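Under the working numbering, the first residue of the sequence shown is numbered 143, with each subsequent residue one higher. Glycine residues also receive a C-beta, built at the ideal position from the N, C-alpha and C atoms. Just so we're clear, the structure is a prediction, and the values are computed from it rather than from any experiment. Presented below is the structure to which this report refers.
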Amino acid sequence: SRSDAHPDVVWVEQLEQENANLRAQVKTLEDAAHSTQPTPEPEHTCVWRAQLDIRVKQLERMSEQLHKTYDAYHQAHRDREQYGEDADKLRQQLASSHDEDRRMAAATRASIATAEAEDSVRAIHVGRGSGAVG
């Protein structure tokens with residue numbers, strides 16, 4: 143719905159509508175300036191021409207602003223996509239690092255268990271050796 147639209151999208155649509163309105167005004171003024179009706183008095187021609195020039199300049203400024211907004215919007219979209227890709231890579235690296243940490247912890251526990259078992263075996267052998275001698 144319209145109320146769910148992002149403010150930038152709404153703003154661009156408003157600019158496009160204003161751009162269309164200005165183009166219609168320019169067309170009306172151009173048509174009036176080039177009409178087949180009798181030529182208006184010189185002062186009226188200047189007024190029409192001045193109005194037309196003003197509308198053309200407004201239209202040019204609006205078009206330039208619309209292009210800048212359009213470019214900024216698409217650059218932000220590209221930046222957001224890149225951010226998403228970077229975030230995915232970091233998540234994968236973190237998961238891989240976490241898996242490696244678990245493997246290392248398991249290997250360390252296995253080494254400790256082996257060392258403890260070897261110590262127990264040595265203690266048994268030492269105990270037997272001292273019992274046989276004494």
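Comparing alpha-carbon positions, which option in V151, V168, M246, A175 lies nearest K199? What you label residue 199 is simply residue 57 of the sequence shown in a count that begins at 1. Distance from the Cα of K199 is smallest, within the candidate group V151, V168, M246, A175, for V168.
From G226 to A214, what does the alpha carbon distance come to, in whole angstroms? The count along the sequence shown starts at 1 and reaches residue 226 at position 84. The count along the sequence shown starts at 1 and reaches residue 214 at position 72. The alpha-carbon atoms of G226 and A214 are separated by roughly 18 Å.
Check whether the Cβ atoms of L201 and L164 lie closer than 7 Å to each other. As a position in the sequence shown, residue 201 is number 59, starting the count at 1. As a position in the sequence shown, residue 164 is number 22, starting the count at 1. Yes, the pair counts as a contact, with Cβ atoms nearer than the cut-off.
Just verifying my parser: in three-state terms, what is the DSSP assignment at S205? Start at 1 with the first residue of the sequence shown, and residue 205 comes out as number 63. In this structure, S205 counts as helix in the three-state DSSP scheme.
Where does I216 fall in DSSP's three states? Along the sequence shown, read from residue 1 onward, the residue named residue 216 stands at position 74. Per the sequence presented here, residue 216 reads as His, with Ile not at that position. Here H216 sits in helix by DSSP.
CA-to-CA distance, P149 to R220, given in whole angstroms: The residue given as residue 220 occupies position 78 in the sequence shown. The residue given as residue 149 occupies position 7 in the sequence shown. Their Cα atoms are separated by approximately 18 Å.
Neighbourhood of L194 by C-beta, 7 Å cutoff - its chain only, sequence neighbours within 5 removed: Here the question's residue 194 lines up with position 52 in the sequence shown. V168, L171, E172, A175, listed in sequence order.
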